[in-house]
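Visitor: Here the sequence shown is numbered in this note's numbering, starting from 317 and rising by one per residue. Every residue, glycine too, gets a C-beta built ideally from N, C-alpha and C. Please read through the structure below; I'll follow up with questions.
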Amino acid sequence: MRLLLSFLLTAGFLSAIQHSGSIRAADQFLPGATITARQGGAKLITSTDEAGRYTLDLTPGAWELQVELFGFQTATTKIEVGAEPTTYDWTLEMPRTTTPAAAVNKPSQGFQSMSVQVTAEGTPSLAAEPSPPEIPADTDAFVVTGSTSDGLAAAAGDQTRHEKQNKPARAGAAAQLNSFGNRRQNRPTYTGSLAFTARNSAFDAKPFSLNGQNAPKSSYGQNTIAFNLGGPIRIPKIYSNDRLMFYFTYQATRARNPYNALSTMPSAAERAGDFSQAAGAPAIYDPLTQSPFPGNIIPANRINPVAAGLLPYFPLPTYAQLAVQNYQIVTSSKTSSNNYGFRQNLPFSRKDRVNVSFNYQNRTGSTPTLLGFRDASNGSGFNGSLGHSHSFAPRFNSNLTWNFSRSTGHVLPYFAYSQNIAAALGIAGTTQDPIAYGPPNLGFTNFGGLSDGAASISRNQTSNINEGITLVRKKHNLTFGLGYTRLQQNPMNYANARGSFSFSGLLTSGFDANGSPLKGTGYDFADFLLGFPQSSSLQFGAKSNYFRTWNINAFAQDDWRIRPGLSLNLGLRYEYFSPYTELYGRMANLDLNSTITAAAVVTPGQPGPYSGALPTSLIRPDTNNLSPRFGFAWKPLGKKALTIRGGYSIFYNGSAYGSFAARLASQPPFIHSASLSTSLANPLTLQNGFAAAPSQTITNNYAIDPNYRLGYAQTWTFAVQQNLPHNSIVELEYIGTKGTGLDILRQPNRATPGSPLTAEQRLQIGNATGFSFETSQGSSIMHMGQVRLTRRLTRGISAVATYGFQKSIDNASTFGGGGGAVAQNDQNLRLERGLSSFDQRHHLNIQYVVTSPVGGAKGMLRGKGLARKLLEDWTLNGGFNATSGTPITARVSGNLANTTGIAAFGTGRAQATGLPVSGGSFFNLLAFTTPPPGQYGNAGRNTIPGLFQTSLNTSFGRAFRLAESKRQLTIRLNSNNVLNHTVITNIGATVNSATYGLPIAASATRSLNLTVRLNF
317 MRLLLSFLLT AGFLSAIQHS GSIRAADQFL PGATITARQG GAKLITSTDE AGRYTLDLTP
377 GAWELQVELF GFQTATTKIE VGAEPTTYDW TLEMPRTTTP AAAVNKPSQG FQSMSVQVTA
437 EGTPSLAAEP SPPEIPADTD AFVVTGSTSD GLAAAAGDQT RHEKQNKPAR AGAAAQLNSF
497 GNRRQNRPTY TGSLAFTARN SAFDAKPFSL NGQNAPKSSY GQNTIAFNLG GPIRIPKIYS
557 NDRLMFYFTY QATRARNPYN ALSTMPSAAE RAGDFSQAAG APAIYDPLTQ SPFPGNIIPA
617 NRINPVAAGL LPYFPLPTYA QLAVQNYQIV TSSKTSSNNY GFRQNLPFSR KDRVNVSFNY
677 QNRTGSTPTL LGFRDASNGS GFNGSLGHSH SFAPRFNSNL TWNFSRSTGH VLPYFAYSQN
737 IAAALGIAGT TQDPIAYGPP NLGFTNFGGL SDGAASISRN QTSNINEGIT LVRKKHNLTF
797 GLGYTRLQQN PMNYANARGS FSFSGLLTSG FDANGSPLKG TGYDFADFLL GFPQSSSLQF
857 GAKSNYFRTW NINAFAQDDW RIRPGLSLNL GLRYEYFSPY TELYGRMANL DLNSTITAAA
917 VVTPGQPGPY SGALPTSLIR PDTNNLSPRF GFAWKPLGKK ALTIRGGYSI FYNGSAYGSF
977 AARLASQPPF IHSASLSTSL ANPLTLQNGF AAAPSQTITN NYAIDPNYRL GYAQTWTFAV
1037 QQNLPHNSIV ELEYIGTKGT GLDILRQPNR ATPGSPLTAE QRLQIGNATG FSFETSQGSS
1097 IMHMGQVRLT RRLTRGISAV ATYGFQKSID NASTFGGGGG AVAQNDQNLR LERGLSSFDQ
1157 RHHLNIQYVV TSPVGGAKGM LRGKGLARKL LEDWTLNGGF NATSGTPITA RVSGNLANTT
1217 GIAAFGTGRA QATGLPVSGG SFFNLLAFTT PPPGQYGNAG RNTIPGLFQT SLNTSFGRAF
1277 RLAESKRQLT IRLNSNNVLN HTVITNIGAT VNSATYGLPI AASATRSLNL TVRLNF
């Protein structure tokens, strides 16, 4: 049941209504009290925080609540969860016992450990017993409740943040909560659990075959064992203190994960220069004579010796009878990790409590690449926290926390410290650092490329301190907070130190009178065999960088219960995010004039000729990040079931600065960098592609607007909820989101129209190579309508069905961090506006829970026989999803793309023919073609409708109580894609690629895993 409910929450069980309350004895609020909520077979557990408050997300209906706390009588009550949030204030009493006077001891307070497991989605797992913690892979939560750490967010209990999606509030990352106790005859005992989760390829379905061939299934498996133990600190005959409680966790994972990749490799004939049977039958021209090679065969004596030396790194096709998608690699990646956690609570007095926690992890692994190379990785990290809670008065509490974490990671590529392959083959200009040895990366239009990972070392350290204050005054629940975070990132990166060549077929193309490639001519692998890349890029010589940043935040919030049936949530938050600096000033930006016709390299401490004085971060800070929050809940008809909710909020993207620093540090004059395109004046070859001196004096390949402003999103919601007959609820909801100041990645230094062979001589900024330019000019708008129908748990069955209709438009498809596609035409950014890359027009989600109809007052087999014991308490739950696919952009690449002298950056969009896009197996292939020579394609972004997606996941299991003890054995079988229904998730949309119109990705096939847990 614990896993069942956890699945519902993490899958989006959006009908939950918030129930909150406080627990106290006399005038003292009690932390760590255990609250258990039951509804039929459903069971939820949580604990009070340091302020004695708790929050539960309950589905509508009748619930039974129970509060347990060592040293106090157990209290129970029943509540009816309706359409609006509910509250309940508990007052616990000491137990009435008859004890001889000599045996009476004064109560001394202590803590008993309980836990709420945090899942990867950050929602609390509804465990009946303690379970090992799992820190979520979570991004900073910009919530009005203060700190970007989940711990303070959990303690303060933000509502407004989650009103925009009506989701349950997140638990804190260190969600190990504790219950209060005292030393008496019923002393605190030790509790814990031992769990094992297993998955093996023998029980999974074979991967779907995209090319119709019978591929083998890789051998893989994952095993996880988890152990936790909590209780009082006792050392027999040496030390015993029931007030000091500890909690220890350990989790180990050993896994081989499946890796299955499909691509195209050159045939044996193509490797020898024979392109007479090449896909698409292109005409191969001799670059020296500008005449086609006879029979489309390159003579053996014309094959470049460097190309001949690199050929052995390309495997032969797995399916020789196929020309496209003829290569498949089936293997597995290895991972191993160990996680340790320890937490202790120190109650100094009735008003002061201190908690300490420490977690450590180590990990190793190996990752395969397309061509079978394996890159090794390892890392470790730890984090610790120290918290102090103080109660000034029953309704006035303070919570101060300090967190510290440090992590390291290493990636060692397959070729590191082996042979200096580039030097042995005669490739000049590469690095001589042994860690970056290996062949250069090779990219193709029609074939899988030769590539391997880059060596890297990361060393990160974060510390933050947060103070939160809660004050309850009559109808107002006030929260205030202040937080400060300091971050250090110390990376060493060898990205592209081996260099990269791209081959497009440009050099073996035929050309018209204007020097533009002729359609149907040229082939990328032919260019490679002749040793003529279209572009090259190289970057090495970087030393360790030492990035520093910090941020502060302050907030205030009022949860105002104006009257029964009407409440407001008002909040204001301020955040300042400092742009990254480098400890030794090793960053460089390009200072551009207003028309982007001139550029100059600027470094920290140096004024820009066009922008003037700049801070050491090279980016001027954004200081006006105020975030108002507003939410309301209203029952206009009094006790009637109609409820209206709404809200408005603003969220800033403070993480955007993180990606800029690393790119600014990877620029000249601090490293050697060059991005070149071949030209008649400066032709590139495999031998001199890196050593060739660019005609430009500025070789930086990245710049950012010094006046960059953080992007932000405005979100507003409005919802109406109404109870229906048959124990059901319907909710209509509208959600709107507007993004402002989003990232657009531009490439302004382009050539005027003309031949790609002379583009380098026609660049807009003649003394600079092509470079990317990051600005905050983007915007987005999204509107979504949603209908949700909930059937409360009745006779062992409950379900939630949600249908949504949405449309999202933007010109960036990114919320910071350079994640968007490069703008095709830098002179007309309006043409970038189109459907968002994540737009899904329709989505249907159905979640269900079915319990076995055995036992209980109205179930079958109500006796106490063996049949009832075997059949009762089984649960089946699952989720069905049906969604529209995300849209796809038709593109053109290779020799027919108008790259306008921007080296290896990006691809252009295709030309729309005017024919309908719908039709054919996936879409009408005749709706797009290559653009006219020297022009941009006129097709818009994301104009190909995505592919319809469906999935069904299930879970089946039961918890067995062992005799009359507190021990419990839980067994659960989980299956993803239980019907093994595979759907195509992506298709080739590059019009001049051999995979145009072919499926290139599919959903995962059925997988099974088994979890066994013993709670004691």
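Would you mind sorting Gly-688 into buried or exposed? The rule is 16 or more other CB atoms within 10 Å of its CB.
Guide: As a working note, residue 688 is residue 372 in the sequence shown. Label assigned to Gly-688: exposed.
Visitor: Quick one: does Ser-825 have its CB under 8 Å from some CB of chain B?
Guide: This model lacks chain B altogether, as it is built from one protein chain only.
Visitor: Taking the alpha-carbon of Thr-1306 as reference, which of Ala-870, Asn-940, Arg-936 and Thr-761 has the nearest alpha-carbon?
Guide: On the sequence shown, position 990 is the one that residue 1306 refers to. It is Thr-761.
Visitor: Per DSSP, which residues does Gly-1086 bridge with? Please list them.
Guide: Here residue 1086 refers to the residue found at position 770 when the sequence shown is read from its first residue. According to DSSP, Gly-1086 bridges with nothing at all.
Visitor: Got a sec? Which residues, its chain only, sit under 6 Å from Trp-950 by beta carbon, not counting five neighbours each side?
Guide: Sequence index remark: in the sequence shown, residue 950 carries index 634 (1-based). The residues are Leu-882 and Ile-960.
Visitor: Going by CA-CA distance only, name the one from Leu-1241, Phe-591 and Ser-1209 that's closest to Leu-1231.
Guide: One-based indexing of the sequence shown puts residue 1231 at position 915. The shortest C-alpha separation from Leu-1231 is found at Leu-1241.
Visitor: Where DSSP assigns a beta bridge to Glu-380, which residues make up the other side?
Guide: Taking the sequence shown and counting its residues from 1, one reaches residue 380 at position 64. Arg-354 and Lys-394, per the DSSP bridge assignment.
Visitor: Would Gly-901 and Pro-920 be called neighbours here (beta carbons separated by less than 8 Å)?
Guide: Here residue 901 corresponds to residue number 585 of the sequence shown, with the count starting at 1. Here residue 920 corresponds to residue number 604 of the sequence shown, with the count starting at 1. In this structure, Pro-920 lies closer than 8 Å to Gly-901 by Cβ.
Visitor: Ordered along the chain, which non-local residues of its own chain (more than five positions away) have a Cβ less than 6 Å from that of Gln-677?
Guide: Mapped onto the sequence shown, residue 677 falls at position 361. Here the set comprises Asn-655 and Gly-697.
Visitor: Less than 8 Å between the CB atoms is what I'm expecting for Gly-1313 and Leu-1263, so what's the real figure, rounded?
Guide: Your numbering for residue 1313 matches position 997 in the sequence shown. Your numbering for residue 1263 matches position 947 in the sequence shown. 13 Å between Cβ atoms; not a contact.
Visitor: So for Tyr-892, helix, strand or coil by DSSP?
Guide: Numbered from its first residue, the sequence shown carries residue 892 at position 576. If DSSP states are grouped into helix, strand and coil, Tyr-892 belongs with the strands.
Visitor: Excluding the five sequence neighbours on either side, which residues of its own chain have a C-beta within less than 6 Å of the C-beta of Phe-976, listed in chain order?
Guide: As a position in the sequence shown, residue 976 is number 660, starting the count at 1. Correct list, in chain order: Ile-1020.
Visitor: Would you check whether the ligand SAH has a heavy atom nearer than 7 Å to the C-beta of Phe-698?
Guide: Here there are no bound small molecules, and the ligand SAH is not part of this structure.
Visitor: Measure the CB-CB distance between Leu-930 and Pro-937 and report whether it falls below 8 Å.
Guide: As a first step, residue 930 must be located in the sequence shown, where it is residue number 614. As a first step, residue 937 must be located in the sequence shown, where it is residue number 621. No, the Cβ-Cβ distance between Leu-930 and Pro-937 is not below 8 Å.
Visitor: Taking a contact to mean a Cβ-Cβ separation below 8 Å, would you say Ala-1318 touches Val-1294 in this structure?
Guide: Start at 1 with the first residue of the sequence shown, and residue 1318 comes out as number 1002. Start at 1 with the first residue of the sequence shown, and residue 1294 comes out as number 978. No, these two residues do not count as a Cβ contact at 8 Å.
Visitor: Quick check on the DSSP output: the alpha helix (DSSP H) that includes Arg-1322 runs from which residue to which?
Guide: Your numbering for residue 1322 matches position 1006 in the sequence shown. Careful: Arg-1322 lies outside any alpha helix (DSSP H) and carries neither H nor E.
Visitor: What is the residue span of the alpha helix (DSSP H) that Lys-1185 lies within?
Guide: Mapped onto the sequence shown, residue 1185 falls at position 869. That run of the alpha helix (DSSP H) goes 1182-1187.
Visitor: Helix, strand or coil for Ser-975, going by three-state DSSP, please let me know.
Guide: Stepping through the sequence shown from its first residue, residue 975 is reached at position 659. Three-state DSSP puts Ser-975 in a helix.
Visitor: Taking Ala-1255 as the reference, which of Glu-1049, Gln-1012, Ala-1243 and Ala-588 has the closest Cα?
Guide: Here residue 1255 is taken as the residue at index 939 of the sequence shown, counted from 1. It is Ala-1243.
Visitor: Using the rule of at least 16 other Cβ atoms within 10 Å of the residue's Cβ for burial, across every protein chain shown, is Phe-856 buried or exposed?
Guide: As a working mapping, residue 856 is identified with position 540 in the sequence shown. It counts as buried.
Visitor: What whole-angstrom Cβ distance do Gln-1122 and Gly-1086 have, given they're in contact under 8 Å?
Guide: Here residue 1122 refers to the residue found at position 806 when the sequence shown is read from its first residue. Here residue 1086 refers to the residue found at position 770 when the sequence shown is read from its first residue. At roughly 37 Å, the Cβ-Cβ gap does not stay under 8 Å, so Gln-1122 and Gly-1086 are not in contact.
Visitor: Taking three-plus beta-carbon pairs below 8 Å as touching, is the segment 886-901 in contact with the segment 869-878?
Guide: Yes: the two stretches touch, three or more of their Cβ pairs being nearer than 8 Å.
Visitor: Rounded to a whole number of angstroms, what is the C-alpha to C-alpha distance between Gly-1005 and Gln-1156?
Guide: Working through the sequence shown from its first residue, we reach residue 1005 at position 689. Working through the sequence shown from its first residue, we reach residue 1156 at position 840. When rounded, the distance between both Cα atoms is 43 Å.
Visitor: Using a threshold of 8 Å, state whether the C-beta atoms of Leu-1151 and Gln-1140 are closer than that.
Guide: On the sequence shown, residue 1151 is found 835 positions in, with the first residue counted as 1. On the sequence shown, residue 1140 is found 824 positions in, with the first residue counted as 1. Cβ atoms of Leu-1151 and Gln-1140: not closer than 8 Å.
Visitor: Are the segment 841-850 and the segment 748-766 in contact at 8 Å, needing three or more beta carbon pairs?
Guide: The answer is yes - the segment 748-766 touches the segment 841-850, with three or more Cβ pairs under 8 Å.
Visitor: Are the CB atoms of Arg-1225 and Gly-1253 within a distance shorter than 8 Å?
Guide: Working through the sequence shown from its first residue, we reach residue 1253 at position 937. Working through the sequence shown from its first residue, we reach residue 1225 at position 909. Yes.
Visitor: Determine the closest residue to Tyr-1355 out of Ala-349, Gly-596 and Tyr-973, with distance taken between C-alpha atoms.
Guide: With the chain covering 317 to 1332 only, the question about residue 1355 has no answer from this structure.
Visitor: Are the CB atoms of Gly-831 and Ser-1071 nearer to each other than 8 Å?
Guide: Position 515 of the sequence shown holds residue 831. Position 755 of the sequence shown holds residue 1071. Result yes, Cβ atoms of Gly-831 and Ser-1071 sit closer than 8 Å.
Visitor: Taking its Cβ as the centre, do 16 or more other Cβ atoms sit within 10 Å of Asn-1325, making it buried, or is it exposed?
Guide: Within the sequence shown, the letter at position 1009 stands for residue 1325. When all chains shown are included, Asn-1325 counts as buried.
Visitor: According to DSSP, simplified to helix, strand and coil, what is Ile-912?
Guide: Reading the sequence shown from its first residue, position 596 is the one you call residue 912. In the structure shown, Ile-912 sits in coil (DSSP, three-state: anything other than H, G, I, E or B).
Visitor: For Leu-626, count the other beta carbons within 10 Å of its own beta carbon; 16 or more makes it buried, fewer makes it exposed. Which is it?
Guide: As a working note, residue 626 is residue 310 in the sequence shown. Result: buried.
Visitor: Go to Val-1233, then tell me how far its beta strand (DSSP E) extends in each direction, as first and last residue.
Guide: Within the sequence shown, residue 1233 is the residue found at index 917, counting from 1. Counting along the chain, Val-1233 falls outside any beta strand (DSSP E), and DSSP gives it neither H nor E.
Visitor: Please name the residue, chosen from Asn-1290, Glu-1280 and Leu-1285, that lies closest to Thr-1270 on a Cα-to-Cα basis.
Guide: Mapped onto the sequence shown, residue 1270 falls at position 954. If we check each option's Cα against that of Thr-1270, Asn-1290 comes out closest.
Visitor: Terminal residues of the continuous alpha helix (DSSP H) containing Arg-961?
Guide: Position 645 of the sequence shown, counting from 1, holds the residue named residue 961. Premise fails: Arg-961 lies in the beta strand (DSSP E), 959-968, not in any alpha helix (DSSP H).
Visitor: With DSSP run on the structure shown, which of helix, strand or coil describes Tyr-983?
Guide: Against the sequence shown, residue 983 aligns to sequence position 667. Correcting the residue identity first, residue 983 is Gln in this sequence and not Tyr. It is coil, neither helix nor strand.
Visitor: Decide yes or no for the touch test of the segment 703-722 against the segment 785-805: beta carbon pairs closer than 8 Å, at least 3 of them.
Guide: The segment 703-722, when compared against the segment 785-805, does touch it at the 8 Å Cβ threshold.
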